[in-house]
């Protein structure tokens, strides 16, 4: 999986994105401040785990990265452009 995070909401979270397409070495990191805390772990376990990742979806798309394999992998703009050709 190409997306990792450091930090917890609410507050600043650092994201590191690595292209998962074989042979590509592109990487990017960015910070977002997330105001909302994650849902309660006991009532929404997956929502709690994925809270920070979900907050970054729009920004990742703006950067031109593509999520493939149902969110398990990320491709950089160069590789995602090649996939569309």
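Residue numbers (the numbering used here): 1130 to 1214.
Every residue, glycine too, gets a C-beta built ideally from N, C-alpha and C.
Residue environment for residue 1162: exposed (fewer than 16 other C-beta atoms within 10 angstroms of its C-beta).
Distances from the alpha-carbon of residue 1188 to those of 1160, 1164, 1170 put 1160 closest.
For residue 1161, the enclosing beta strand (DSSP E) stretches over residues 1156-1163. Per DSSP, reduced to three states, the secondary structure at residue 1178 is helical.
Comparing C-alpha distances from residue 1138 to each of 1178, 1193, 1203, 1204 shows the shortest one belongs to 1178.
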